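Some notes on the structure that comes next.
Numbering (UniProt numbering), first residue to last: 1 to 574.
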């Protein structure tokens with residue numbers, strides 16, 4: 001249990017209360033440092049770690065935690081927290097600092113808690129650098145302890161760089177063994193302050209260390225300025241926190257990019273004291289950048305502006321539970337003055353999707369009815385009754401086809417949606433052969449009840465998660481849709497009956513009744529909110545770059561377009 005939970009928490013505003021989520025404006029990176037922490041250890045100084053908690057529907061949960069820094073009351077943590085930032089939400093955060101003892105679980109003893117603080121992400125972003133005192137239980141100050149949180153936005157055109165460092169012939173600082181070197185990189189800000197960008201792992205007993213490659217965003221490394229100075233320090237690790245200085249050098253990202261085929265970039269690692277004292281001092285070793293990979297992060301708009309078309313298909317439930325369309329109580333009743341729920345949902349979502357489809361033609365399908373000429377039940381039919389071409393002109397064409405087909409069919413059952421999901425997945429799989437980001441599919445399923453073929457539907461969704469497809473299900477009417485929530489992977493990962501998980505979460509389910517009094521825009525915003533990330537996730541998984549006008553994947557080397565790999569814009573590392 002958290003020691004800090006006894007502080008009163010203001011209620012959070014969730015997006016549901018605001019009528020639906022808004023697509024993530026941007027991602028924010030947070031870095032933390034502490035000063036004057038309480039000393040809980042009798043022999044050594046505290047070994048601090050910061051835990052980041054987020055509040056969701058009134059509950060605090062751990063989002064992530066920093067590394068543990070040994071024996072240090074003024075730690076600067078290398079860990080970077082990455083969060084989605086929503087302008088219109090009060091995103092409550094809590095930072096808790098603990099003294100970690102080996103394998104002890106956190107928070108088992110009161111005296112391990114060094115203090116905590118609550119704030120919102122908006123506050124940090126507004127201040128860019130937030131300094132706050134730490135509090136113990138019952139709102140008691142934790143001595144003079146403070147926490148500093150730096151925020152940086154990761155913009156859409158940003159990327160990540162992967163750096164591979166090693167060193168040769170470093171000075172030996174240890175008497176009975178060799179040095180245990182680690183490397184720190186600091187960015188020098190415009191105001192002259194230094195911001196830790198990365199701290200490597202320690203390589204024990206080695207004067208020629210090869211450090212693990214690491215990824216860092218360009219905004220973190222150099223604020224996207226190739227000529228910004230980077231101060232790099234090499235230390236000999238000491239378990240008591242008194243690290244010995246080996247040497248330093250200054251670099252820029254522009255220099256790093258001079259790395260060419262087979263050539264490496266090297267710097268003399270200098271100890272300024274030795275340089276003054278020793279006549280023939282050359283260096284305290286050399287640090288080598290052996291490789292550099294620039295990963296471009298593509299956004300949803302990169303794909304859309306690159307010409308990716310979004311093909312929209314609607315599938316309508318014509319099962320008998322909807323009621324006879326001639327009866328005004330029916331969910332399919334056509335009222336000349338007021339569109340029914342099926343039409344409202346179709347128009348709200350379709351009108352947004354049509355902006356991303358140049359030919360403005362939409363596939364319109366039905367399921368659960370007996371259809372002419374033989375009146376056999378079909379779970380996958382074109383509502384214009386043209387199996388060769390199920391497309392309608394614009395949303396208006398879909399509305400007309402829907403109204404025209406109602407008198408010609410007999411509502412029946414059961415509610416099987418897997419045939420249509422499989423059909424659209426197959427259609428999008430056919431386009432997989434085209435290895436570019438030219439076409440993505442959205443399937444809108446409108447249904448009045450829980451699906452009958454749940455096992456087959458789960459199987460079909462797992463298969464579909466490998467294709468360029470997102471599925472939106474809108475529950476129409478007042479049925480109990482509890483079982484439908486299972487298809488929306490938000491509560492956990494959706495699995496096929498055999499236990500195979502979806503590759504990516506592609507289903508969004510909402511009951512239309514939640515939006516009855518809201519504007520059509522609120523429904524569309526809610527159901528389409530996850531689509532941009534789903535598009536980016538799909539193409540990133542396939543390592544498919546947007547089509548031009550975005551610089552192509554093979555364009556000449558510069559910060560804007562170094563040979564890249566596509567990474568999702570939905571996380572800090574691949």
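We put the CB at the ideal spot given by N, CA and C, even for glycine. This structure is a prediction, so every number in the text was calculated from the model and none was measured.
Buried or exposed by the 16-neighbour rule on C-beta atoms within 10 Å, applied to residue 373: So residue 373 counts as exposed.
Local Cβ density within 10 Å of residue 447, reported as buried at 16 or more and exposed below that: Counting Cβ neighbours within 10 Å, residue 447 comes out buried, since at least 16 surround it.
Runs of alpha helix (DSSP H) lying entirely within the stretch 365–426, each at least 4 residues, in chain order: Runs of the alpha helix (DSSP H) inside the stretch 365–426: 394–405.
Contained alpha helix (DSSP H) runs [length at least 4] in the stretch 285–313, N- to C-terminal order: Annotation: the stretch 285–313 contains the following complete segments of the alpha helix (DSSP H) (minimum length 4 residues), in chain order: 300–305.
Any alpha helix (DSSP H) of 4 or more consecutive residues that is wholly inside the stretch 424–467: Complete alpha helix (DSSP H) runs here, min 4: 454–464.
Per-residue burial, residue 144 [other beta carbons within 10 Å of its own, 16 or more giving buried]: Under this definition residue 144 is an exposed residue.
Cα-Cα separation, residue 224 to residue 218: About 5 Å.
Cβ-based neighbour list, residue 352, same chain, cut-off 7 Å, excluding 5 preceding and 5 following: Excluding its 5 nearest sequence neighbours in each direction, residue 352 has C-beta neighbours in its own chain below 7 Å: 524 and 528, listed in chain order.
Every unbroken alpha helix (DSSP H) inside the UniProt domain "C2" (141–268) [4 residues or more]: Scanning the UniProt domain "C2" (141–268) for uninterrupted alpha helix (DSSP H) segments of 4 residues or longer gives 218–222 and 253–256, listed from N- to C-terminal end.
DSSP state of residue 341 mapped onto helix, strand, coil: Judged by DSSP in its simplified three-state form, residue 341 adopts helix.
Whether residue 455 touches residue 539 by CB criterion (8 Å): No.
Neighbour-count burial assignment, residue 477, 16 or more Cβ in a 10 Å radius: So residue 477 counts as buried.
Residue 327: first and last residue of the uninterrupted alpha helix (DSSP H) it sits in: Neither: residue 327 is in no alpha helix (DSSP H) and is coded neither H nor E.
DSSP-derived helix/strand/coil call for residue 498: For residue 498, the three-state secondary structure derived from DSSP is coil.
Minimum C-alpha distance to residue 141 - residue among 230, 36, 150 and 92: Among 230, 36, 150 and 92, the Cα nearest to that of residue 141 is on 36.
Whole-Å CB distance - residue 366 paired with residue 383, under 8 Å assumed: The beta carbons of residue 366 and residue 383 sit about 5 Å from each other, so the pair counts as a contact at 8 Å.
Three-state secondary structure (DSSP) of residue 480: In this structure, residue 480 counts as coil in the three-state DSSP scheme.
Where residue 276 falls, given that 16 or more other Cβ within 10 Å makes a residue buried: Exposed is the label assigned to residue 276, since fewer than 16 other Cβ atoms lie within 10 Å of its Cβ.
Residue 210 burial status per 10 Å Cβ neighbour count (16 or more: buried): Residue 210 comes out exposed.
Outcome for residue 258 when other beta-carbon atoms lying within 10 angstroms are tallied against a minimum of 16: By the 16-neighbour rule on beta-carbons within 10 angstroms, residue 258 is exposed.
Residue 320 (DSSP reduced to helix, strand or coil): Residue 320 sits in a helix when the DSSP states are folded into three classes.
Contact belief for residue 170 with residue 285 at Cβ below 8 Å, rounded distance in angstroms: Residue 170 to residue 285, Cβ: 4 Å. Contact.
Contact under 8 Å by Cβ, residue 172 with residue 179: In this structure, residue 179 lies closer than 8 Å to residue 172 by Cβ.
Inter-residue Cα distance where the pair is residue 355 and residue 310: Distance between the alpha carbons of residue 355 and residue 310 is about 9 Å.
Cβ-based burial, residue 139 [other Cβ within 10 Å; buried from 16]: Exposed, since its Cβ has fewer than 16 Cβ neighbours within 10 Å.
Close beta carbons around residue 182, own chain, < 6 Å, minus the five adjacent residues each side: Counting only Cβ-Cβ distances below 6 Å, and skipping sequence neighbours, we find 200, 202, 235 and 237.
DSSP-derived helix/strand/coil call for residue 507: Three-state result, residue 507: strand.
DSSP three-state assignment for residue 67, whether helix, strand or coil: DSSP places residue 67 outside both helix and strand once states are collapsed to three, so it counts as coil.
Other residues of its chain near residue 409: CB distance less than 8 Å, five sequence neighbours each side excluded: For residue 409, where only same-chain residues beyond five positions count, the Cβ hits under 8 Å are 318, 366, 369, 370, 371 and 372.
Proximity below 8 Å, CB of residue 506 to CB of residue 485: No.
8 Å contact criterion, which residue 510 and residue 474 should meet: CB distance rounded: 6 Å between Cβ atoms; contact.
Segment contact, 8 Å Cβ cut-off, at least three pairs: the stretch 54–64 with the stretch 37–46: Touching, no.
Given 8 Å, three or more beta-carbon pairs between the stretch 319–332 and the stretch 401–416: Counting Cβ pairs under 8 Å, three or more are found: they touch.
Sequence-distant residues of the same chain with beta carbon closer than 8 Å to residue 343, five excluded per side: Counting only Cβ-Cβ distances below 8 Å, and skipping sequence neighbours, we find 399 and 402.
DSSP three-state assignment for residue 349, whether helix, strand or coil: Here DSSP, grouped into helix, strand and coil, assigns residue 349 to helix.
Beta-carbon gap between residue 85 and residue 63 smaller than 8 Å: Their beta carbons are not under 8 Å apart, which means residue 85 does not touch residue 63 by this criterion.
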